Amino acid sequence: MHWLVLLAASLGQVAPPNPAPMMPATAPAPVAESSGPAAAATAAVESAVADAAAPEVSFGAPVVPMVPAAAPYGAAAPNFNEARGLFESDHAFDGFVGPMTDPIQAKDARSLTEARFLFLSNWARPGTPVVGRGTYQVYALQLRLAVTERLQLFADKDGIVRFSPNPGRSVTGLANLAAGAKYVFIRDVEDQFLFSGAVQYEAPTGYANIFQNQGSGLLGVYGIFAKQFGDNLHIQGQFGQNIAMQTQQNGYFYTHLHADYRLGKFVPFFEANWFYYNQGAHYLPASIGMEGAGFINLGTSGFTGDSIVTLAPGFKYDFNQHLELGTCYQFPVSPEHKSLYGDQLIVDLILRY
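One point on numbering: in the working numbering, the residue at position 36 of the sequence shown is 41, and numbering is uninterrupted.
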């Protein structure tokens with residue numbers, strides 16, 4: 006068992022034995038090569054001891070970072086949004102701002118939980134039928150609920166309306182109610198791209214003396230997209246059809262475009278809207294010759310095939326990701342000025358969760 010003693014000494018466990026005294030040189034006796042069960046057992050012990058030896062450590066060697074193994078192909082991606090609170094807005098796209106003009110129909114592509122306080126003031130051009138050089142003001146509150154980062158419920162039309170014809174007596178009433186749902190079909194955080202679809206129904210619940218509560222309502226179906234280019238430029242758009250449920254209202258195809266450039270918390274933008282009337286009504290006589298372009302639907306006869314185009318410069322200011330203030334000035338550019346109101350000032354204040 007001399008080899009075990011020598012092995013233990015090499016591991017620092019047993020001191021090596023004193024060397025044997027030198028003997029006269031003689032011819033060594035031949036050693037027979039071990040074989041059989043004893044040799045196999047010895048080889049097994051030697052292999053086990055070698056495997057148990059501590060590996061050599063080099064303190065100057067570079068440290069190799071530990072990289073988690075990739076998920077198997079086809080496995081579900083890890084959920085990095087587990088910390089999202091109940092009904093919390095999708096904050097993966099906080100560089101965007103929502104649209105301002107035509108606030109009843111123009112939708113934000115994101116899923117957000119927010120309360121939006123809204124003020125609209127419209128001025129009619131001189132000689133406008135019925136209203137003269139009057140004003141039409143709206144005070145409203147829009148509510149949106151992000152059920153998930155993709156599904157949102159919203160109530161986007163309500164409020165108090167004050168109609169002041171000139172000449173004439175001012176009247177006040179409640180607007181129609183409109184609500185619906187939106188779903189984000191494409192949510193690409195890395196490329197900052199969104200595509201959503203929305204459905205909205207406007208019920209005739211308002212007061213008739215402020216051009217509300219006629220027909221059986223409007224059903225809107227919309228597609229909405231939003232894309233960030235570089236670090237600060239954002240392009241958003243929307244298209245869809247507003248379907249009149251009866252002939253007391255005109256139906257129309259609607260298109261909205263928005264472009265903004267973020268300068269820190271200050272976000273200037275420019276918007277355009279196109280209303281193409283493709284579903285006729287028979288509520289007001291054709292001699293009126295104009296329509297409401299969004300908030301109001303007069304149901305004017307003979308308006309099929311006509312268009313209303315509006316433009317609006319404006320800006321938004323983000324105090325933080327929970328508070329946003331905005332304003333814009335909208336005006337029609339249609340060749341024959343077929344919009345009931347000429348110019349419009351819009352102001353909003355958004356509280357976002």
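Cβ coordinates follow ideal geometry from the N, Cα and C atoms, glycine included.
As the structure is a computational prediction, the values presented were derived from the model and not from experiment.
Report buried or exposed for Pro337, applying the criterion of at least 16 other Cβ atoms within 10 angstroms of its Cβ. buried
With a CB to CB cut of under 7 Å and the five nearest residues on each side skipped, what residues in its chain are close to Ala97? Val194
Do you know offhand how far Gly299's Cα is from Gly100's? 27 Å
Taking the alpha-carbon of Ala249 as reference, which of Thr260, Gln284 and Arg357 has the nearest alpha-carbon? Gln284
Test item: CB-CB of Trp128 and Asp323 under 7 Å: no
Could you pull out every residue in the same chain whose Cβ sits closer than 6 Å to the Cβ of Gly173, ignoring the five residues on either side in sequence? none
Residues in the same chain with beta-carbon distance under 6 Å from Ala82, minus the five sequence neighbours each way, listed in chain order, please. Below a pLDDT of 50, predicted positions are generally treated as unreliable, and Ala82, at 39, falls in that range; no measurement from the model is reported.
Taking Cβ positions, are Glu329 and Ile351 nearer each other than 7 Å? no
List the endpoints of the continuous beta strand (DSSP E) containing Thr332. Leu328 to Pro337
Grab me the residues of Ala111's own chain with a C-beta within less than 7 Å of its C-beta, minus the 5 sequence neighbours each way, in chain order. Pro104, Gln243 and His261
Cβ-based burial, Tyr227 [other Cβ within 10 Å; buried from 16]: buried
With Ile240 as the anchor, note down where its beta strand (DSSP E) starts and where it stops. Leu238 to Ala249
Within its chain, find whatever has a CB closer than 6 Å to the CB of Ile215; leave out the 5 residues flanking it on each side and keep chain order. Val166, Phe168 and Gly178
How many Å lie between Leu123 and Ile191 at the Cα? 29 Å
Enclosing beta strand (DSSP E) for Lys187 [first to last residue]: Leu182 to Asp193
How about His287 and Ser312: are their beta carbons less than 7 Å apart? no
Can you tell me whether Tyr346 sits near the ligand ZN, meaning its C-beta is under 6 Å from at least one heavy atom of the ligand? Among the components of this structure there are no ligands whatsoever, and the ligand ZN is therefore not found.
Using the C-alpha atoms, what's the distance from Val152 back to Leu91? 8 Å
Report buried or exposed for Asn325, applying the criterion of at least 16 other Cβ atoms within 10 angstroms of its Cβ. exposed
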